[in-house]
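Numbering (my numbering), first residue to last: 99 to 349.
And the structure:
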């Protein structure tokens, strides 16, 4: 199982499965121990399995440098092996960082590694996650006032995966149940985001699909079946951008 994050909740610091059927599945696997289940996540989930005697936890190290170069090339980044190896080492061989960096360079700079010079330098005091935040800041500048920005900002408001049609209903201001209703109400109450969603409403379906593909190519959006969600680091960053928009009233 690659990536359980979309199916987790963390209300008041209590980590839990959003779907009780997952709890039942893992409990049965632990009870009968009739096979091997490998779970890969970006965030620690040991608290969910503390009572499982058969569960083993392995903290994976960052990518080997050669694998980091391979990831950049897979994303479409071009350059000499020595230069790409230097890029990987500068970004500490962190898989998500390289995934986002590769998407940024491939989409905005045609895969040219020299596009790194356009990634802004951050002078804040928060060292943790700075490489990722630099790349996300560069993307935020380029996506400003676009339909793609609309999507990523709205998705950042949810810790749960959002059904594609529910999101489109929100953008079309069609009442939707559960989270869609909540988002619709939130957007209506904040004129800034109300203004932001309007341009997306008039895009053709083909153009709307193009927006989703753009965000996937950049590594900002992940799609699981009909569900859309942002990697946690991406969601936190853009949720902060929503707060800035509402606070300043800038569109």
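Backbone N, C-alpha and C define an ideal beta-carbon position, used for all residues, glycine too.
| Item | Value |
| --- | --- |
| Residue 178 - DSSP class collapsed to helix/strand/coil | coil |
| Inter-residue Cα distance where the pair is residue 184 and residue 223 | 25 angstroms |
| Residue 150 in three-state terms, based on DSSP | coil |
| Spatial neighbours of residue 199 in its chain, beta-carbon cut-off 6 angstroms, leaving aside the 5 residues before and after | 233 |
| In DSSP terms, what residue 237 is bridged to | According to DSSP, which records beta bridges pairwise, residue 237 is partnered with nothing at all. |
| Buried or exposed (CB count within 10 angstroms, at least 16 for buried), residue 164 | exposed |
| Reference residue 378, options 144, 174, 138, 135, closest by Cα | Only positions 99 to 349 of the chain appear in this structure, which leaves residue 378 out of reach. |
| Sequence-distant residues of its chain with Cβ nearer than 6 angstroms to residue 166 (five each side left out) | 186, 191, 196 |
| Nearest-angstrom beta carbon gap, residue 204 and residue 315 [assumed within contact, 8 angstroms] | 7 angstroms |
| Span separating the alpha-carbon of residue 90 from that of residue 253 | Residue 90 lies beyond the residue range present for the chain, which begins at 99 and ends at 349; the question has no answer from this structure. |
| Best match in 148, 171, 139 for proximity to residue 158 [C-alpha to C-alpha] | 139 |
| Three CB pairs or more closer than 8 angstroms across the region 211-218 and the region 243-250 | no |
| N- and C-terminal bounds of the alpha helix (DSSP H) containing residue 309 | 303-315 |
| Range of the contiguous beta strand (DSSP E) that encloses residue 114 | 112-115 |
| Residues that DSSP places opposite residue 108 in a beta bridge | 113 |
| Of the residues 120, 99, 100, the one placed nearest residue 107, counting alpha carbons only | 120 |
| Nearest candidate by alpha-carbon position, reference residue 324, set 340, 332, 258, 330 | 258 |
| Integer Cβ distance of residue 76 from residue 334, believed to fall under 8 angstroms | The structure shown does not extend to residue 76, since the chain is modelled only from 99 through 349, so no value can be given for it. |
| Helix, strand or coil at residue 223 according to DSSP, with G and I counted as helix | coil |
| Cβ shell of residue 128 (< 6 angstroms), same chain only, five flanking positions each side left out | 150, 152 |
| Residue of 202, 207, 170, 321 minimising C-alpha distance to residue 263 | 321 |
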